[in-house]
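In our numbering, the protein residues as written are 6 to 123. Beta carbons: idealized from backbone N, C-alpha and C, even for Gly.
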């Protein structure tokens, strides 16, 4: 459940970042309200997810997926061009996020445990 909340929080990060851009310096009421609500919900979800997910992993996934979704939305709406390199690097961000999700959360897991036992 913590991973689902973290993913939703990353989506909300993309929402608040996009709304912040559309708020024209927080001068437009509707995008500003969306920004504030999405920001609060995103932070609350991130904080809740960190109860079970290590802070480094949670924050990296939250920022990485949020950034990738923000750029993907900008490309889908025509605000930014779709290029091979943008898509490749966004896939890299998403791939890295998936890799972090697949790593063991046990502090002795992964490469450190192999080094410690050698």
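Buried/exposed call for residue 31, threshold 16 Cβ in 10 Å = The residue you call residue 31 lines up with position 26 of the chain shown. Looking at its Cβ environment, which holds fewer than 16 other Cβ atoms inside 10 Å, residue 31 is exposed.
Same chain, Cβ closer than 8 Å to residue 33, neighbours up to 5 away in sequence not counted | Within the chain shown, the letter at position 28 stands for residue 33. Here the set comprises 27.
Under the rule that 16 or more other beta-carbon atoms within 10 Å means buried, what is residue 20, buried or exposed?
-> Taking the first residue of the chain shown as 1, we reach residue 20 at position 15. Residue 20 comes out buried.
Any heavy atom of the ligand GTP within a distance shorter than 8 Å of the CB on residue 109?
-> The ligand GTP is not part of the structure shown, which contains no ligands of any sort.
What residues in its chain sit with their C-beta under 6 Å from that of residue 42, if we drop five residues either side in the sequence?
-> Indexing the chain shown from 1 puts residue 42 at position 37. Apart from the 5 residues on each side of it in sequence, residue 42 has no Cβ closer than 6 Å to any other Cβ in its chain.
For the alpha helix (DSSP H) that contains residue 6, what are its first and last residues?
-> Position 1 of the chain shown, counted from the first residue, corresponds to residue 6. Counting along the chain, residue 6 falls outside any alpha helix (DSSP H), and DSSP gives it neither H nor E.
Start and end residues, alpha helix (DSSP H) containing residue 98 | As a working note, residue 98 is residue 93 in the chain shown. 89-107 is the span of the alpha helix (DSSP H), which, as asked, contains residue 98.
Among 62, 22, 45, which residue has its Cα nearest to the Cα of residue 109?
-> Within the chain shown, numbered from 1, the residue matching residue 109 stands at position 104. It is 62.
Using DSSP with H/G/I as helix, E/B as strand and the rest coil, what is residue 28?
-> Counted from its first residue, the chain shown places residue 28 at position 23. Collapsing the DSSP output to three states places residue 28 in coil.
Roughly how many whole angstroms lie between the Cα atoms of residue 74 and residue 16?
-> Start at 1 with the first residue of the chain shown, and residue 74 comes out as number 69. Start at 1 with the first residue of the chain shown, and residue 16 comes out as number 11. The alpha-carbon of residue 74 is positioned some 7 Å away from that of residue 16.
Pair within 9 Å by beta-carbon distance, residue 54 and residue 11 = Within the chain shown, the letter at position 49 stands for residue 54. Within the chain shown, the letter at position 6 stands for residue 11. Taking 9 Å as the Cβ cut-off, residue 54 and residue 11 qualify as a contacting pair.
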